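Residue numbering for the first sequence follows the working numbering, beginning at -16 and increasing consecutively.
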Amino acid sequence: MNILPREFYQKDTVIVAKKLLGKKLVRKIGNQEISGIITETEAYRHNDDPASHAFRKITDRNKVMFGDVGISYVYFTYGMHYCFNVVAKKSKVPAGAVLIRSIKPDKGIKKIQGNRNLKDLKNLTNGPAKLTQALRITKEHYGMDLTKKSEIYITEGNKIKKIIESPRIGIKNGKEFLWNFKVMD
DNA sequence: TCCGGGATTGACT
DNA sequence: GTCAATCCCGGAC
């Protein structure tokens, strides 16, 4: 499968969030590959989006959101969880990223079950902090180039039938934007 | 400096 | 349905 090129991410964050559905997230640990098909995403933009980490200004945490597209943005939250994003925005916009909320296990399911200490396929990777645990993604993967074949990258994948648009999960402000995207089962 | 709360999860009632 | 876990960030002071 071909890795998605830099240009893929150089579009409006909302467009990229939709286009990432069905693509394949690959994690290489040593010489073993584990992967999942992206099934849910959310778009977080710049100063037009009060729910975005990049709403106010550039900081130490959010600085990659203001940099090159196709780069990973991993942040730590609730004292115990990591969430995984990809920087995406059109060239005129200063910041933006797509949160990967859910994947369907693809390759290395046994390894994923081990990482999660759980067997149940349904609950293995169906949440933003579940999939980072499943793929062993941590703050060490902050700022990685996802367009290169290294520890983490994203490739082409399946065609999507239909996209369901909803308000984003777990936010206070910006609920009016339908920027949560899911594939229909 | 300090302190409130978070793009969540899983265990328990 | 309710709630604790747990630590880092960022805005306020």
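The C-beta atom is built at its ideal place from N, Cα and C for all residues, glycine as well.
All values derive from a computational prediction rather than experimental measurement.
With DSSP as the reference, label residue i as helix, strand or coil.
| i | result |
| --- | --- |
| N68 | strand |
| E25 | strand |
| T130 | coil |
| I95 | helix |
| K106 | In the sequence on display, residue 106 carries Asn and not Lys. DSSP places N106 in helix when its eight states are reduced to three. |
| F49 | helix |
| I192 | Summary: the structure shown does not reach residue 192, with the chain confined to residues -16 through 168, and so no result is reported for it. |
| T60 | strand |
| T121 | coil |
| T138 | strand |
| I(-2) | helix |
| P111 | helix |
| F(-9) | helix |
State the beta-bridge partners of residue i as determined by DSSP.
| i | result |
| --- | --- |
| G19 | L8 and P88 |
| V81 | A26 and V69 |
| S74 | According to DSSP, S74 bridges with nothing at all. |
| F164 | T24 and E148 |
| I(-14) | T138 |
| S55 | V69 |
Note down, in chain order, each residue of its chain lying with its Cβ closer than 6 Å to the Cβ of residue i, except the 5 sequence neighbours on either side.
| i | result |
| --- | --- |
| A0 | T24, A26, V81 and F164 |
| K6 | I21, I137 and G140 |
| T121 | Y65 |
| V166 | L4, T22 and I143 |
| L118 | R10 |
Going by beta carbon distance, what residues of the same chain come within less than 8 Å of residue i, once the five residues before and after it are set aside?
| i | result |
| --- | --- |
| F38 | H29, N30 and D32 |
| E16 | V9, R10, K90 and G91 |
If residue i and residue j are in contact, beta carbons under 8 Å, what's the gap, nearest whole angstrom?
| i | j | result |
| --- | --- | --- |
| L129 | G53 | 5 Å |
| M127 | S55 | 4 Å |
| E134 | K11 | 6 Å |
| L107 | P88 | 6 Å |
| V57 | Y125 | 5 Å |
| G105 | I(-14) | Contrary to the premise, residue 105 reads as Lys rather than Gly in this sequence. With a Cβ gap of about 29 Å, K105 and I(-14) do not count as contacting. |
Taking 7 Å as the limit between beta carbons, can you name the residues of its chain near residue i, skipping five residues before and five after?
| i | result |
| --- | --- |
| A34 | Y27, R151, I154, N156 and G157 |
| F59 | Y65 and K122 |
| Q116 | N98 and R99 |
| When the Cβ atoms of the segment 147 to 166 are set against those of the segment 41 to 58, are three or more pairs found closer than 8 Å? | no
| query | Does the pairing of the segment 102 to 118 with the segment 65 to 84 give three or more beta-carbon distances under 8 Å? | reply | yes
| query | Any chance the segment 43 to 63 sits against the segment 86 to 103, with 3 or more Cβ pairs inside 8 Å? | reply | no
| the segment -12 to -4 touching the segment 69 to 80, judged by at least three CB pairs closer than 8 Å | yes
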